[in-house]
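Q: With the numbering used here, letter number 177 in the first sequence gets 1366, and the count goes up by one each step, no holes.
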Amino acid sequence: MEPISTEQARTLQRELAREVLLDDAFPGRIETVCGLDCSYSGRGRRGRMIAGAVVLRFRTWERIDSSVAEGEIPFPYVPGLLSFRELPLLLEALEGLKEPVDLAFVDGAGIAHPRRFGLASHLGVVTGLPSIGVAKSRLCGVYDEPGPERGASSPLLEGGETVGTVLRTRDGVRPLFISPGHKVSLASAPRLVLACCGRYRLPEPTRRAHELVTARRAVWKEDDRDATS
DNA sequence: GCGACAG
DNA sequence: ATCTTGTCGC
């Protein structure tokens, strides 16, 4: 993605949104799931970021592969245009994997997006991978607060259509905003996320990916400390 | 014009 | 997302 204006970015999203498939198109039996996440540098290395991908065996959560990529931040954070900021490096991280991925869990929105093309959908369409958007807060849409117990959910509506599911993944915690990215249906997305949630609010793939990039960022801090002392 | 706004 | 200490609640 070369330098692009925000208007060009929005136009591109409207075009690519037509490629999104909302029917389940992953292996009948899922073998592996992949969690993706990004982290940014604080002081010292302004303008740098890290992307990480972790491949886990479905249900046992054994880590069978992982990859990290580092680089310059290519685009500012603009609500609705997150993919132009995080997708490039996430794709690099994916390229570093050796194990096959059946389903990807992305931090952010899928079709629960102003143009129905959030980061999870963009990543899915570009790679062809089935993907699910797992956002910790709402980007768009209206909903009723789901019940307080694990598994409770309510539809996320926008413009008269259902674009996702507000899902409680643990008793008493804030709900997650789940939406199909690509090749996953509106009904399957929350079921798959819940199947990946145990003791934590975030699904295991997402949680492990966050762990990975956080650990990598700690190395930056060490390097900066050594260089400064 | 005002408020909202993934990470 | 990141900057930050202690602290309120299950």
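Even for Gly, the Cβ is constructed at its ideal location relative to N, Cα and C.
According to DSSP, what are the bridge partners of Ala1240?
A: Cys1227, Ala1258
Q: Starting from Thr1354, follow its DSSP beta bridges and name the residues at the other end.
A: Pro1344, Ile1367
Q: Let me know if Val1295 comes out buried or exposed under the rule of 16 or more other beta-carbons within 10 Å of its beta-carbon.
A: buried
Q: Please tell me whether Gly1299 and Pro1369 are closer than 7 angstroms, where the distance is taken between their beta carbons.
A: yes
Q: Which residues in the same chain as Ile1262 place their Cβ atom closer than 6 angstroms to its Cβ, once the five residues preceding and following it in sequence are excluded?
A: Excluding positions up to five away in sequence, the list reads Gly1236, Met1238.
Q: Where does the unbroken alpha helix (DSSP H) through Val1362 begin, and where does it stop?
A: Note, Val1362: premise wrong, no alpha helix (DSSP H); not H, not E.
Q: Considering just the uninterrupted stretch of the alpha helix (DSSP H) at Ser1320, what are its terminal residues?
A: Element bounds for Ser1320: not the alpha helix (DSSP H) but the beta strand (DSSP E), 1320-1324.
Q: If you run the structure through DSSP and keep just helix, strand and coil, what is Val1315?
A: helix
Q: CB-CB under 8 angstroms to Ser1343, same chain, minus the five flanking residues each way: which ones, in chain order?
A: Tyr1332, Asp1333, Glu1334, Pro1335, Thr1354, Val1355.
Q: Is the stretch 1319-1327 in contact with the stretch 1237-1251, if contact means three or more CB pairs nearer than 8 angstroms?
A: no
Q: Would you mind sorting Thr1200 into buried or exposed? The rule is 16 or more other CB atoms within 10 Å of its CB.
A: Classified as exposed, Thr1200 has fewer than 16 neighbouring CB atoms from the shown chains inside 10 Å of its CB.
Q: Whose CA, out of Pro1394, Val1373, Glu1393, Arg1339, lies closest to the CA of Val1352?
A: Looking at the Cα atoms, Val1373 is the closest of the given residues.
Q: Among Leu1381, Val1222, Ser1228, Gly1330, whose alpha-carbon lies nearest the alpha-carbon of Arg1274?
A: Ser1228
Q: Starting from Val1382, follow the alpha helix (DSSP H) in both directions and report where the run begins and ends.
A: First-last of the alpha helix (DSSP H) with Val1382: 1377-1384.
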